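To start, the structure itself, in structure tokens.
Number of protein chains: 2
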Amino acid sequence: MLEKLDLSKRIDKETYKSTRKEQSERLGLLQRNCKEAKIPVMIVFEGMGASGKGTQINRLIQALDPRGFDVYANDKSTEEEQMRPFLWRFWTKLPAQGRIALFDRSWYRQVTIERFEGKIPETALPEAFHDIQSFERQLTDDGMVIIKLFLYISREDQKKRFNKLESSGETEWRVTKEDWRRNKEYGRYLAVCEEMLEKTDMDYAPWTIIEASDRDFASAKIITQVADCLEDALKHRLLRGERKEKEVPVRSGKYQNGVLSGVDLTKSISKEAYKKEMERLKEKLESLHSQIYRLRIPVVLGFEGWDAAGKGGAIKRLTSHLDPRGYKVYPTSAPNDLERVHHYLWRFWNHVPKAGHIAIFDRTWYGRVLVERIEGFCTEAQWKQAYQEINEMENHMANAGAVVIKFWLHIDKAEQEKRFKERQVDPAKQWKITEEDWRNREKWEQYESAVNEMLVRTSTSYAPWVVVEGNCKYYARIKVLKTVVEALEAKIKEKKIDP
Amino acid sequence: MLEKLDLSKRIDKETYKSTRKEQSERLGLLQRNCKEAKIPVMIVFEGMGASGKGTQINRLIQALDPRGFDVYANDKSTEEEQMRPFLWRFWTKLPAQGRIALFDRSWYRQVTIERFEGKIPETALPEAFHDIQSFERQLTDDGMVIIKLFLYISREDQKKRFNKLESSGETEWRVTKEDWRRNKEYGRYLAVCEEMLEKTDMDYAPWTIIEASDRDFASAKIITQVADCLEDALKHRLLRGERKEKEVPVRSGKYQNGVLSGVDLTKSISKEAYKKEMERLKEKLESLHSQIYRLRIPVVLGFEGWDAAGKGGAIKRLTSHLDPRGYKVYPTSAPNDLERVHHYLWRFWNHVPKAGHIAIFDRTWYGRVLVERIEGFCTEAQWKQAYQEINEMENHMANAGAVVIKFWLHIDKAEQEKRFKERQVDPAKQWKITEEDWRNREKWEQYESAVNEMLVRTSTSYAPWVVVEGNCKYYARIKVLKTVVEALEAKIKEKKIDP
Numbered sequence: 001m002l003e004k005l006d007l008s009k010r011i012d013k014e015t016y017k018s019t020r021k022e023q024s025e026r027l028g029l030l031q032r033n034c035k036e037a038k039i040p041v042m043i044v045f046e047g048m049g050a051s052g053k054g055t056q057i058n059r060l061i062q063a064l065d066p067r068g069f070d071v072y073a074n075d076k077s078t079e080e081e082q083m084r085p086f087l088w089r090f091w092t093k094l095p096a097q098g099r100i101a102l103f104d105r106s107w108y109r110q111v112t113i114e115r116f117e118g119k120i121p122e123t124a125l126p127e128a129f130h131d132i133q134s135f136e137r138q139l140t141d142d143g144m145v146i147i148k149l150f151l152y153i154s155r156e157d158q159k160k161r162f163n164k165l166e167s168s169g170e171t172e173w174r175v176t177k178e179d180w181r182r183n184k185e186y187g188r189y190l191a192v193c194e195e196m197l198e199k200t201d202m203d204y205a206p207w208t209i210i211e212a213s214d215r216d217f218a219s220a221k222i223i224t225q226v227a228d229c230l231e232d233a234l235k236h237r238l239l240r241g242e243r244k245e246k247e248v249p250v251r252s253g254k255y256q257n258g259v260l261s262g263v264d265l266t267k268s269i270s271k272e273a274y275k276k277e278m279e280r281l282k283e284k285l286e287s288l289h290s291q292i293y294r295l296r297i298p299v300v301l302g303f304e305g306w307d308a309a310g311k312g313g314a315i316k317r318l319t320s321h322l323d324p325r326g327y328k329v330y331p332t333s334a335p336n337d338l339e340r341v342h343h344y345l346w347r348f349w350n351h352v353p354k355a356g357h358i359a360i361f362d363r364t365w366y367g368r369v370l371v372e373r374i375e376g377f378c379t380e381a382q383w384k385q386a387y388q389e390i391n392e393m394e395n396h397m398a399n400a401g402a403v404v405i406k407f408w409l410h411i412d413k414a415e416q417e418k419r420f421k422e423r424q425v426d427p428a429k430q431w432k433i434t435e436e437d438w439r440n441r442e443k444w445e446q447y448e449s450a451v452n453e454m455l456v457r458t459s460t461s462y463a464p465w466v467v468v469e470g471n472c473k474y475y476a477r478i479k480v481l482k483t484v485v486e487a488l489e490a491k492i493k494e495k496k497i498d499p
Numbered sequence: 001m002l003e004k005l006d007l008s009k010r011i012d013k014e015t016y017k018s019t020r021k022e023q024s025e026r027l028g029l030l031q032r033n034c035k036e037a038k039i040p041v042m043i044v045f046e047g048m049g050a051s052g053k054g055t056q057i058n059r060l061i062q063a064l065d066p067r068g069f070d071v072y073a074n075d076k077s078t079e080e081e082q083m084r085p086f087l088w089r090f091w092t093k094l095p096a097q098g099r100i101a102l103f104d105r106s107w108y109r110q111v112t113i114e115r116f117e118g119k120i121p122e123t124a125l126p127e128a129f130h131d132i133q134s135f136e137r138q139l140t141d142d143g144m145v146i147i148k149l150f151l152y153i154s155r156e157d158q159k160k161r162f163n164k165l166e167s168s169g170e171t172e173w174r175v176t177k178e179d180w181r182r183n184k185e186y187g188r189y190l191a192v193c194e195e196m197l198e199k200t201d202m203d204y205a206p207w208t209i210i211e212a213s214d215r216d217f218a219s220a221k222i223i224t225q226v227a228d229c230l231e232d233a234l235k236h237r238l239l240r241g242e243r244k245e246k247e248v249p250v251r252s253g254k255y256q257n258g259v260l261s262g263v264d265l266t267k268s269i270s271k272e273a274y275k276k277e278m279e280r281l282k283e284k285l286e287s288l289h290s291q292i293y294r295l296r297i298p299v300v301l302g303f304e305g306w307d308a309a310g311k312g313g314a315i316k317r318l319t320s321h322l323d324p325r326g327y328k329v330y331p332t333s334a335p336n337d338l339e340r341v342h343h344y345l346w347r348f349w350n351h352v353p354k355a356g357h358i359a360i361f362d363r364t365w366y367g368r369v370l371v372e373r374i375e376g377f378c379t380e381a382q383w384k385q386a387y388q389e390i391n392e393m394e395n396h397m398a399n400a401g402a403v404v405i406k407f408w409l410h411i412d413k414a415e416q417e418k419r420f421k422e423r424q425v426d427p428a429k430q431w432k433i434t435e436e437d438w439r440n441r442e443k444w445e446q447y448e449s450a451v452n453e454m455l456v457r458t459s460t461s462y463a464p465w466v467v468v469e470g471n472c473k474y475y476a477r478i479k480v481l482k483t484v485v486e487a488l489e490a491k492i493k494e495k496k497i498d499p
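For the record, the sequence lines run as chains V and X. Using UniProt numbering, the first residue of the first sequence is number 1, and each one after it goes up by one. Using UniProt numbering, the first residue of the second sequence is number 1, and each one after it goes up by one.
Next comes the structure, spelled out in structure tokens:
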């Protein structure tokens, strides 16, 4: 998902200055309140080399009362530390209640850099992740606030920064050959980081991805994010006790990860090209379908997207050439009485496809973090927890050999309006458009913010999100079929190699 | 720990009948209340073959309103089930809110029977355990009550029961050759079960061990335990909302796992034998100490026990021949101000020994589940959670190569009184005895119940509890030194084989 992020985000000097002034005052106040409320805080800075962790820490602490925090740089562990369990160095650095500890790199070194360098055996990874999860769970259960920031820059950007550092005698020492190696094998290192983010993005200690190409933008996002987290922590201290948590309004999302904003909606293809390509793909799909049946590969396809984004049309084209005995389409609407008295994932578990079969979901379990979140049908704790629960469910299916793909059909607000209006005048489509569609449309920004968070938190190596540029229906349908065809081919190949 | 349980527990027909009558009424009422409160309940029956799971389920449901529960027998998975992720068959059997589902064997098959039979590769185990943990966590987070019962009988007992079953044409089919294999390799199967119990004994879904040699005793314990759990669940539904949970009085412990009751306190040795053996062990220990230093093996020894049980004396004998540069003794008393503003495990993490060094704790982190539990210094949720937190900490140390042993020095109430009185008259020992010691003594039964639970929940393969028969000081000291010597020898051997 990282590579899908919009790294072009910038902020001008003026905006930065004003944001910084305003947020610094806010943060200073929040720090004092946390001190009073005896809330201990850990702020973790991880990310790509030369993404500016040091600079950002320095900028952040300007806003803090120096009597209230400590900064720890965590390079390779010392001899003292190597002679003890690896979490020891961090347990001994825990901030006392009311204090803040900032970590320049942290307990994630093992599962990122050292894994990349092959210093930790792959077999030791599950244990390492488990140790990290219980460490953070134990601390947060005890009232610790853990804020985890991952600073992300592109390979090219990193290369530029390394060269710049090396060009000066004062800074060249800061670029090691390990740094260069991670730049040369950027893709492989990225994969390692993404698995780390997937495995450790817990509801009790979530990650925030910082687009760090523009230092000022990053600083503004970091200071705002840290302040938001402290505010939440204080709020929950007060709220703790109430039966049902108050629903927190979705934030302005000024600094949300801009996955959607990075999507190029001008993509399109001609009707002729569409027809030709569609024929080719349908035939391919037909033969692949019988192969996955013989090879007993289960397939789970989820469709989400804006109203009128074309989910139905895409599903229709996808299934038109499939053997009806081999697939099922499950439309998802509001839960019925029986579903309402079960866990929200229960109804989807009931539709898990048999090996060799395809299950297509028109709207999915992601309703929990979209409509249920926005409409307040579940508590904040519940939808925050859902990211992990959903990842665990999809991971479980993938481990059972399933192909799991989720499509987000994306269109812009103008295109939606156009389609809504068409539907109103077309007697054949009028049933498709309701008052509610217009009401949802009014919440576009809230949904956009929720979708961005969903895409970042739940697009995983084992169950990726595919954002489909949907303004041109032809283009969208082709992309959907193409994605499915390629995923099935890959899985079949894999299965034939190691059955 | 299982093999340490007292399986001699019996209950006479009369007591059973009256208990059953009384608890059946209670359970019936609780079931109705849970239905009203919309609390879904899962009751899991696992355990040794022929331990009477079927019988016990039948007896239990007699007390339940048949319209409110379902029973599921989970033998080998069907073809339908094998074609789906292994948790699917259980997700689809979830009880609706207000209903009860009973499982004769469950999602634990994989990590017990199938692991024992080598049907699941060891490398797949961490994932299997992780799947089980998240499954139970997701359900309990959603308000499910999960009651897990493990029925335990001895190898001999099992053999008798198999033979009895086979002696009748009607029942012989029930004994398979797999059953016999697990009886022949009872020890290996036990180890598999114990690891399963360790890894899945979560505060949100704890295990209850049922001594099942006597069917009536087991039935009485099960029905009482189930009723207690439902009562707790209802109580928490009401409590949920209050800032601090009310401390629940430790239960009568009528059916507590009788680890202590099974300890033979008559064990003793003569002064002469003691002296001779002590000399031998001290010399051994001396040489072992220098070896673990060279091999860089860290050692963690924890001492808990009744007041005046002889912790001090044992530690003195243990250290008298050790090189003072190689070990440290940490006495643990009430936390100081700095400790009080940190996580309760923090102060112990600060004393984690370097590789090659020995850390001896006179009283330990187990205060959380003993004095803090009894005196209400922490909430019920906190001490219940502590079992898992402590196991995770000790597991982390063990994985870092440490030898971790915990000693419970055990004496009976009469012996303690004798020693208290001696201390009062002996000027050299008067300082050792305070008013508080007498006060604690009054809570003997509460502590006994807490100690029994602690021993069962935290005695693990990687950090075992050793219960030391302490009425004879000589015997106790020898047993402590002997245990340490043998553990060090074993570790050194292991380390030399695979450094």
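Note that CB positions come from ideal geometry on N, CA and C, so glycine has one too. Just so you know, these numbers come straight off a predicted model, no measurement behind them.
Give the DSSP-derived three-state secondary structure of Arg-317 (chain X) in the structure shown.
The answer is helix: DSSP assigns Arg-317 (chain X) an H, G or I state.
Is it true that the segment 206 to 221 of chain V meets the segment 462 to 479 of chain V, where meeting means three or more beta-carbon pairs spaced less than 8 Å apart?
Verdict: no, contact absent.
The beta strand (DSSP E) spanning Tyr-330 (chain X) covers which residue range?
Per DSSP, Tyr-330 (chain X) belongs to the beta strand (DSSP E) from 327 to 331.
Can you tell me the Cβ-Cβ gap for Arg-363 (chain V) and Ala-386 (chain V), rounded? I've got them flagged as a contact below 8 Å.
Not confirmed; about 15 Å, so no contact.
What does Leu-139 (chain V) reach in chain X if we use C-beta pairs closer than 8 Å?
Simply His-343.
Mark Thr-176 (chain X) as exposed unless 16 or more other C-beta atoms lie within 10 angstroms of its C-beta, in which case mark it buried.
It is exposed - the Cβ of Thr-176 (chain X) has fewer than 16 other Cβ atoms within 10 Å.
Given a cut-off of 8 Å on the beta-carbon distance, is the pair Lys-482 (chain X) and Leu-281 (chain X) in contact?
Yes, the Cβ-Cβ distance between Lys-482 (chain X) and Leu-281 (chain X) is below 8 Å.
Identify whether Met-48 (chain V) lies in helix, strand or coil by the three-state DSSP scheme.
Coil.
Ignoring anything shorter than 3 residues, give me the beta strand (DSSP E) runs that lie fully in the segment 381 to 425 of chain X, in order along the chain.
Those beta strand (DSSP E) runs which fall completely within the segment 381 to 425 of chain X and span 3+ residues are 403 to 410.
Am I right that Val-145 (chain V) and Leu-230 (chain V) are in contact with their C-beta atoms under 8 Å? What's the rounded C-beta distance?
Contact flag correct, Cβ pair sits at about 7 Å.
If you check the beta carbons only, do Ile-292 (chain X) and Gly-401 (chain X) fall under 8 Å apart?
Against a cut-off of 8 Å, the Cβ pair of Gly-401 (chain X) and Ile-292 (chain X) comes out as no contact.
Measure from the alpha carbon of Ser-227 (chain V) to the alpha carbon of each residue in V:His-343, V:Cys-34 and V:Met-48, then state which is nearest.
Just to set this straight, residue 227 (chain V) is Ala in the shown sequence, not Ser. Ranking the options by Cα distance to Ala-227 (chain V), first place goes to V:Cys-34.
What does Trp-444 (chain V) touch in chain X if you count any residue whose Cβ is under 7 Å from its own?
Residues of chain X passing the Cβ test: none, with the nearest at roughly 31 Å.
Of all Cβ atoms in chain V, is any one closer than 8 Å to the Cβ of Gln-97 (chain X)?
It does; some Cβ of chain V falls within 8 Å.
Taking all protein chains shown into account, do 16 or more other C-beta atoms lie within 10 angstroms of the C-beta of Pro-40 (chain V), making it buried, or fewer, making it exposed?
Classification of Pro-40 (chain V): buried, given that the 10 Å Cβ count is 16 or more.
With burial defined as no fewer than 16 other Cβ atoms inside 10 Å of the residue's Cβ, what is the status of Val-425 (chain V): buried or exposed?
Exposed is the call here.
Specify whether the segment 405 to 420 of chain V and the segment 300 to 319 of chain V touch according to this definition: at least 3 beta carbon pairs, one from each stretch, less than 8 Å apart.
Cβ pair count under 8 Å is three or more, so yes.
Can the beta-carbon of Ile-374 (chain X) be found closer than 8 Å to that of Tyr-447 (chain X)?
Yes, they are a contact pair.
Which of helix, strand or coil does DSSP assign to residue 501 (chain X)?
Nothing about residue 501 (chain X) can be read from this structure; chain X reaches only from 1 to 499.
Around the Cβ of Trp-431 (chain V), are there at least 16 other Cβ atoms within 10 angstroms (buried) or fewer (exposed)?
Under this definition Trp-431 (chain V) is an exposed residue.
By the criterion of Cβ-Cβ separation under 7 Å, what are the contact partners of Ser-134 (chain V) in chain X?
The contacting residues are Glu-392.
Below 7 Å on C-beta distance, what does Glu-389 (chain V) contact in chain X?
In chain order: Gln-138.
Can you tell me which residues form a DSSP beta bridge with Glu-304 (chain X)?
Per DSSP, X:Trp-408.
Going by DSSP, name the residue or residues bridged to Ala-101 (chain X).
In DSSP, Ala-101 (chain X) forms a bridge with X:Met-42 and X:Asp-70.
With a threshold of 7 Å on Cβ separation, who are the neighbours of Val-485 (chain V) within its own chain once the five nearest residues in sequence on each side are excluded?
Cβ within range, chain order: Leu-281, Lys-284, Leu-285 and Leu-288.
Among X:Ala-309, X:Asp-307, X:Val-259 and X:Gln-31, whose alpha-carbon lies nearest the alpha-carbon of Leu-455 (chain X)?
Minimum Cα distance to Leu-455 (chain X) is reached at X:Val-259.
Examine chain X for any beta-carbon lying closer than 8 Å to the beta-carbon of Ala-400 (chain V), and answer yes or no.
Closer than 8 Å: yes.
Just reading off the beta strand (DSSP E) that Lys-4 (chain X) is part of, what are its end residues?
Run containing Lys-4 (chain X): none; DSSP gives neither H nor E here.
So, are the CB atoms of Ala-355 (chain X) and Met-83 (chain V) less than 8 Å apart?
A contact, by the Cβ cut-off of 8 Å.
Given Ile-57 (chain V), which residues of its chain have a CB within under 7 Å of its CB, disregarding the five upstream and five downstream residues?
If we look at Ile-57 (chain V) and ignore the five residues flanking it on each side, its Cβ neighbours are Phe-45, Val-71, Leu-102 and Asp-104.
Report yes or no: do the segment 63 to 70 of chain X and the segment 107 to 126 of chain X share at least 3 C-beta pairs separated by less than 8 Å?
The answer is no - the segment 107 to 126 of chain X does not touch the segment 63 to 70 of chain X, with fewer than three Cβ pairs under 8 Å.
Taking the continuous beta strand (DSSP E) assigned at Ile-147 (chain V), which residues delimit it?
145 to 152 is the extent of the beta strand (DSSP E) around Ile-147 (chain V).
Do Leu-301 (chain V) and Ile-405 (chain V) have their CB atoms nearer than 8 Å?
Their beta carbons are under 8 Å apart, which means Leu-301 (chain V) touches Ile-405 (chain V) by this criterion.
Can you give me, in chain order, the residues of the segment 107 to 132 of chain X that have a beta carbon less than 8 Å from any beta carbon in chain V?
Those residues of the segment 107 to 132 of chain X that come within reach of chain V (Cβ to Cβ, closer than 8 Å) are Thr-123, Pro-126, Glu-127, His-130 and Asp-131.
Note down, in chain order, every chain V residue with its Cβ under 7 Å from the Cβ of residue 500 (chain X).
The requested residue 500 (chain X) does not occur in the structure, where chain X is confined to residues 1 to 499.
In chain V, what lies closer than 9 Å to Ala-354 (chain X) by C-beta?
The amino acid occupying residue 354 (chain X) in the given sequence is Lys; Ala does not appear at that position. Correct list: Glu-80, Met-83 and Arg-84.
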